[in-house]
Structure formats: structure tokens, C-alpha cells
Amino acid sequence: MMRIGNGYDVHALGEGLPMWMGGVRVEHSAGFVAHSDGDVLIHSLCDALLGAAALGDIGVHFPDNDPAYKGIDSKILLKKCCNLLSENGYQVVNCDIVIIAQQPKFRPYIESIRSSLSDIMGVKTEQISVKATTTEKLGFTGREEGIAVMSVVLIDGKK
23 MMRIGNGYDV HALGEGLPMW MGGVRVEHSA GFVAHSDGDV LIHSLCDALL GAAALGDIGV
83 HFPDNDPAYK GIDSKILLKK CCNLLSENGY QVVNCDIVII AQQPKFRPYI ESIRSSLSDI
143 MGVKTEQISV KATTTEKLGF TGREEGIAVM SVVLIDGKK
């Protein structure tokens with residue numbers, strides 16, 4: 023049985039903080055203000071995966087008021103989500119992810135992000151699409167106050 027899930031996440035930017043996107047360190051003057059490492063791409067992807075399998079969302083499994091997740095590497099969260107899918111009889115068919123940001127430019131990082139996600143999720147890079155767009159300086163992303171990511175996934179299993 024094929025199932026589709028979508029995810030959306032946003033994090034505010036703060037000067038001098040590290041920026042992680044899809045498990046890859048991105049060079050930029052600002053990073054994400056968050057309880058975890060703030061990897062907005064992975065958070066969006068986790069929500070899409072969990073949603074596709076009707077397993078809740080990232081906040082249900084990894085609440086941001088739980089000290090256990092303070093500063094946690096989001097790659098760990100993604101691996102746990104993939105394990106949950108597997109335990110429930112699902113496998114990832116493909117992922118389509120879009121980063122919405124005015125700055126920084128993500129094109130130089132796309133292949134590294136795809137490779138990182140492939141390694142974490144145990145799927146081929148060909149199963150993962152990552153793109154980036156701007157909002158033409160409109161809204162909070164255009165003003166560089168934050169970055170948003172939308173993810174769509176297709177999973178298969180539980181026939």
C-alpha cells in the first residue's frame with residue numbers, strides 16, 4: 023500500500039549560531055534558534071515520514087520541552103523515524119524536499135545533503151530530491167528572519 027506524507031517546518035535565524043541543513047553544516051553568519059540543533063530540513067522530513075505512516079509527528083515523538091532532546095543532532099531523530107517506519111512495515115519510496123530561503127544559497131550543498139540523507143535513511147540518493155527557492159524577498163524568509171522547508175514522501179508497505 024502506497025502512502026503519501028507531507029511535512030513543513032520553520033526555524034528563526036539567530037546570528038552566530040551554527041546552521042545544519044539535512045545533516046550538513048552550512049556556512050552562514052546565522053543559524054537556527056531551536057531546542058535541538060534546528061535542522062529544519064530533517065524536522066520537515068521527519069514529519070512527512072511519520073505522517074505518511076500515521077504515526078503522529080515530530081513533536082509527539084521528540085517534544086521540544088523534553089531535556090533529553092536539548093541540542094540533539096537531528097540526524098538521530100531522522101534515524102529513529104526511519105526505524106519506526108521499518109518497525110511498522112513501511113519503506114521509503116522517495117522524498118521531495120524544498121528549502122525556502124533568501125540566504126544562504128543552497129545549491130552548493132544540495133548533493134552533500136542528498137548524500138547525508140541517503141546515508142541516514144538507508145536509501146539511494148536517487149530516491150531523494152532536494153531543491154531550494156527564494157520568496158523574492160517577500161515574507162519572513164525574504165527578510166531573512168527564518169528558513170522554511172516543505173517535504174513530501176511516498177512510502178510503501180503493509181499490504
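Numbering follows our numbering, in which position 135 of the sequence shown is assigned residue number 157; successive positions increment by one, without gaps. Beta carbons: idealized from backbone N, C-alpha and C, even for Gly.
Over what stretch of residues does the beta strand (DSSP E) that includes residue i continue unbroken?
i           : result
alanine 154 : 150-155
serine 173  : 168-179
Among the candidates the options, whose CA atom is the shortest distance from the CA of residue i?
i             : options                       : result
asparagine 28 : Leu71, Met41, Gly53           : Leu71
tyrosine 131  : Gln113, Gly45, Cys104, Met143 : Gly45
alanine 76    : Leu106, Asp31, Cys117         : Leu106
leucine 39    : Gly93, Leu67, Gly78           : Gly93
proline 126   : Ile26, Phe54, Met23, Leu176   : Phe54
valine 115    : Ala52, Met172, Gly144, Phe162 : Gly144
glycine 36    : Gln124, Leu99, Ser51, Arg25   : Ser51
alanine 56    : Gly81, Gly73, Ala74           : Gly81
methionine 24 : Arg47, Asp95, Ala74           : Ala74
Could you check the C-alpha separation between residue i and residue j for me, to the nearest Å?
i              : j             : result
aspartate 86   : histidine 65  : 12 Å
aspartate 61   : methionine 41 : 7 Å
methionine 239 : leucine 63    : The requested residue 239 does not occur in the structure, where the chain is confined to residues 23 to 181.
leucine 160    : glutamate 49  : 23 Å
glycine 78     : aspartate 69  : 8 Å
alanine 170    : serine 108    : 27 Å
glutamine 113  : glutamate 133 : 22 Å
glutamate 166  : glutamate 158 : 11 Å
glutamine 124  : proline 89    : 32 Å
aspartate 95   : arginine 47   : 12 Å
Would residue i and residue j be called neighbours here (beta carbons separated by less than 8 Å)?
i                : j             : result
cysteine 104     : serine 151    : no
valine 58        : tyrosine 91   : Sequence check: residue 58 is serine here, not valine. In contact: serine 58 and tyrosine 91 (Cβ atoms closer than 8 Å).
glycine 179      : valine 32     : no
glycine 164      : threonine 156 : yes
leucine 176      : isoleucine 26 : yes
arginine 129     : threonine 147 : no
phenylalanine 84 : leucine 100   : no
isoleucine 119   : serine 173    : yes
Alpha helix (DSSP H) containing residue i: first to last residue?
i              : result
histidine 65   : 62-74
asparagine 105 : 96-109
Give me the Cβ distance between residue i and residue j, rounded to the nearest whole Å; I'm assuming they're in contact under 8 Å.
i         : j              : result
lysine 97 : isoleucine 142 : 5 Å
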